[in-house]
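Peer 1: Below is the structure I would like to discuss, written out as structure tokens.
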Amino acid sequence: MKKLALIIKSGDQARGEFYKKQVSAPLVLFVNLNMGTGPACAPVPMHLDLKDGGKFFFNTAIFIEDIPEAFSVTDAIKNDTFDFVVAHENAHGIMFDMYGPAITKIEKKSNLGHDGPVVSDRGLAFIEGWAEAFEALYGPTNPLLKLKESEREQYRISEFLFTRQDPVRRDRYIWQNYKGQKTGVLKNGVQILSTEGAIAGLFYDMLTSKAIKDPFGKAISVMCLHHPLDFAQFVKAWVKEFSEDKKVLYRIFLEGTNYATVSNEARKLYYDYYQAKLKYVQKQMDEKTFYTVKAKWTTYKESLFAEIMKSDNLTTNVSPDLWVEVKGFKTLSLQGLLSKVLGMKRPYLNMASVTAGQIKQIQELGLLKNFADEDIQQFVKTREQMGVMPYKTGTEAIREILGKDKANKVIKENNITDVK
Numbered sequence: 031m032k033k034l035a036l037i038i039k040s041g042d043q044a045r046g047e048f049y050k051k052q053v054s055a056p057l058v059l060f061v062n063l064n065m066g067t068g069p070a071c072a073p074v075p076m077h078l079d080l081k082d083g084g085k086f087f088f089n090t091a092i093f094i095e096d097i098p099e100a101f102s103v104t105d106a107i108k109n110d111t112f113d114f115v116v117a118h119e120n121a122h123g124i125m126f127d128m129y130g131p132a133i134t135k136i137e138k139k140s141n142l143g144h145d146g147p148v149v150s151d152r153g154l155a156f157i158e159g160w161a162e163a164f165e166a167l168y169g170p171t172n173p174l175l176k177l178k179e180s181e182r183e184q185y186r187i188s189e190f191l192f193t194r195q196d197p198v199r200r201d202r203y204i205w206q207n208y209k210g211q212k213t214g215v216l217k218n219g220v221q222i223l224s225t226e227g228a229i230a231g232l233f234y235d236m237l238t239s240k241a242i243k244d245p246f247g248k249a250i251s252v253m254c255l256h257h258p259l260d261f262a263q264f265v266k267a268w269v270k271e272f273s274e275d276k277k278v279l280y281r282i283f284l285e286g287t288n289y290a291t292v293s294n295e296a297r298k299l300y301y302d303y304y305q306a307k308l309k310y311v312q313k314q315m316d317e318k319t320f321y322t323v324k325a326k327w328t329t330y331k332e333s334l335f336a337e338i339m340k341s342d343n344l345t346t347n348v349s350p351d352l353w354v355e356v357k358g359f360k361t362l363s364l365q366g367l368l369s370k371v372l373g374m375k376r377p378y379l380n381m382a383s384v385t386a387g388q389i390k391q392i393q394e395l396g397l398l399k400n401f402a403d404e405d406i407q408q409f410v411k412t413r414e415q416m417g418v419m420p421y422k423t424g425t426e427a428i429r430e431i432l433g434k435d436k437a438n439k440v441i442k443e444n445n446i447t448d449v450k
């Protein structure tokens with residue numbers, strides 16, 4: 031209805047009359063068609079003729095089916111988690127509806143899969159983060175999700191539905207290690223904007239904010255009117271459209287990311303504060319020392335907040351994307367020809383955000399040869415110390431950090447090329 035109101039306000043009455051038939055239509059939900067989609071929502075224009083001569087128009091359709099060993103429609107209905115999946119996919123439908131054909135302009139270069147904690151790319155994280163926020167919004171309605179992880183399988187609740195909601199609500203996915211031994215080490219700026227769970231947490235905080243009037247209506251209005259390509263653009267467009275929310279939005283964004291997207295020093299000071307807090311709670315640090323560390327962090331972030339309120343730049347510590355393709359073999363080789371026939375993926379890596387763990391996973395597939403453990407650690411450590419990488423391409427970053435001789439060997443051996 032929000033988009034309908036915006037269309038009518040624009041004066042396009044003909045489009046408004048047509049759109050009325052679409053927005054008043056029910057959801058199109060296909061269950062277990064065995065199309066190999068798993069849970070998905072897609073822009074599939076269709077219509078339904080009614081007996082009274084009327085028509086329903088649909089912009090999207092939702093497909094929900096089993097994922098082997100990961101999700102069962104039957105189990106989800108029995109344990110009352112099916113509605114979370116519908117909420118997630120319907121959120122995609124809302125976004126698709128707001129964007130229309132412009133949804134295709136959102137770039138999704140990453141092809142290594144996605145989930146709450148996974149670093150993918152800014153576009154995919156924006157799209158999936160919006161949908162995952164709705165899982166977190168509906169999650170507290172199901173008492174089964176208060177069970178312990180050890181009890182989850184007893185009720186056959188899918189792991190991804192069970193485990194990723196709480197970290198979203200608590201903004202945990204901004205950490206490099208969000209479970210197990212907590213360290214307080216934050217992801218870098220690009221990684222946070224490319225992590226759907228982190229973006230979901232920010233969407234959740236905005237949609238549940240009592241300081242923002244009609245946050246859902248404003249969110250989808252921004253999508254409809256501005257078509258932002260990632261979350262940072264979304265916040266900027268919101269402030270442009272609804273300037274009265276600027277202070278609240280900036281506070282949600284910056285506190286929810288611990289200022290990692292605007293300052294590399296903030297990442298370091300937050301780590302110091304987090305470690306000091308652990309020691310203080312464990313009685314390994316005296317009160318005066320702890321509050322000195324805390325005050326340093328608090329004073330610094332408040333000065334940053336004041337600066338951002340003036341500059342409106344939320345990404346001063348976000349590197350440009352540096353995408354490379356790891357072909358792994360020459361296209362003219364037998365293996366290369368087979369890869370084309372079989373549709374084998376060639377990994378796309380953003381050298382500004384790829385994690386050591388992701389590189390290891392690719393190596394397990396037989397790619398990225400001669401990229402030794404110490405070289406991986408050197409690359410990641412140097413990159414994290416920089417904050418914003420000063421390179422124009424991914425291969426330039428590899429050469430400058432590893433040294434030309436070593437880097438050229440890795441690049442040639444794995445047929446690594448830059449991607450625009």
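Position 147 of the sequence shown, counting from 1, maps to 177 under the numbering used here, and the rest follow consecutively. Here a beta-carbon is modelled for each residue, glycine too, at the ideal position from N, C-alpha and C.
#1: Is it true that the CB of Leu-395 sits closer than 7 Å to the CB of Val-356?
#2: Within the same chain, show all residues whose beta-carbon is closer than 7 Å to that of Asn-454, passing over the 5 residues directly before and after it, in chain order.
#3: Buried or exposed: which applies to Ala-336, given that a residue is buried once 16 or more other Cβ atoms fall within 10 Å of its Cβ?
#4: Thinking C-alpha only, which one of Val-410, Ala-155, Phe-192, Ala-402 is nearest Phe-101?
#5: Under the three-state reduction of DSSP, which class applies to Val-215: helix, strand or coil?
#6: Could you pull the start and end residues of the alpha helix (DSSP H) that Asp-79 belongs to?
#7: Alpha carbon to alpha carbon, how far is Lys-390 from Leu-379? Give it in angstroms, no decimals.
#8: Are the segment 301-312 and the segment 252-271 touching by the rule of at least three beta carbon pairs closer than 8 Å?
#9: For the segment 211-230 and the segment 147-163, state whether three or more C-beta atom pairs, one from each stretch, are separated by less than 8 Å.
#10: Look at Val-115 and Pro-170 and say whether their C-beta atoms are less than 7 Å apart.
#11: I'd like the list of long-range same chain contacts for Arg-281, defined as Cβ closer than 6 Å, with 5 residues on each side in sequence excluded.
#12: Cα-Cα, which of Glu-162, Asp-316, Ile-446 is closest to Asp-196?
#13: Answer yes or no: the CB of Trp-268 versus the heavy atoms of the ligand GDP, is any distance below 6 Å?
#14: Decide if the segment 113-129 is in contact with the segment 200-214; the criterion is three or more beta carbon pairs, one per stretch, under 8 Å apart.
#15: So, is Thr-90 buried or exposed, given that buried needs 16 or more other C-beta atoms within 10 angstroms?
#16: Pull up the CB-CB distance for Val-323 and Ile-446, whole angstroms please, since I reckon it's below 8 Å.
#17: Under DSSP, the beta strand (DSSP E) around Asn-380 begins and ends at which residues?
#18: Based on DSSP bridge pairs, tell me the residues matched to Cys-71.
#19: Determine, using beta-carbon pairs with one atom in the segment 239-247 and one in the segment 212-222, whether at least three such pairs fall under 8 Å.
#20: When you compare the CB positions of Leu-232 and Val-292, do they come within less than 7 Å of one another, or not?
#21: Span of the beta strand (DSSP E) holding Leu-59?
Peer 2: Concretely, from the data shown:
#1: Not in contact: Val-356 and Leu-395 (Cβ atoms no closer than 7 Å).
#2: Residue 454 lies beyond the range of the chain shown here (31 to 450); nothing can be said about it.
#3: Classification for Ala-336: exposed.
#4: Of the candidates Val-410, Ala-155, Phe-192, Ala-402, the one whose C-alpha sits nearest the C-alpha of Phe-101 is Phe-192.
#5: Of the three classes helix, strand and coil, the one that applies to Val-215 here is coil, per DSSP.
#6: No alpha helix (DSSP H) holds Asp-79; the beta strand (DSSP E) holding it covers 76-79.
#7: The straight-line gap from Cα to Cα measures roughly 12 Å.
#8: Judged by Cβ distances under 8 Å, the segment 301-312 makes no contact with the segment 252-271, as fewer than three pairs qualify.
#9: Of all C-beta pairs linking the segment 211-230 to the segment 147-163, three or more are shorter than 8 Å, placing the two stretches in contact.
#10: Remark: C-beta atoms of Val-115 and Pro-170 do not approach each other more closely than 7 Å.
#11: No residues qualify anywhere along the chain.
#12: Nearest option by C-alpha distance: Glu-162.
#13: Looking for the ligand GDP in the displayed structure turns up nothing, as the structure carries no ligands at all.
#14: Below 8 Å, too few C-beta pairs join the segment 113-129 and the segment 200-214 to call them touching: fewer than three.
#15: Residue burial annotation: Thr-90 is buried, with at least 16 other C-beta atoms found within 10 angstroms of its C-beta.
#16: Not confirmed; about 42 Å, so no contact.
#17: Looking at the DSSP string, the run of the beta strand (DSSP E) that includes Asn-380 is 378-380.
#18: Answer is Ile-92.
#19: The segment 239-247, when compared against the segment 212-222, does not touch it at the 8 Å Cβ threshold.
#20: Not a contact, by the Cβ cut-off of 7 Å.
#21: Under the DSSP assignment, Leu-59 falls in the beta strand (DSSP E) whose first and last residues are 59-61.
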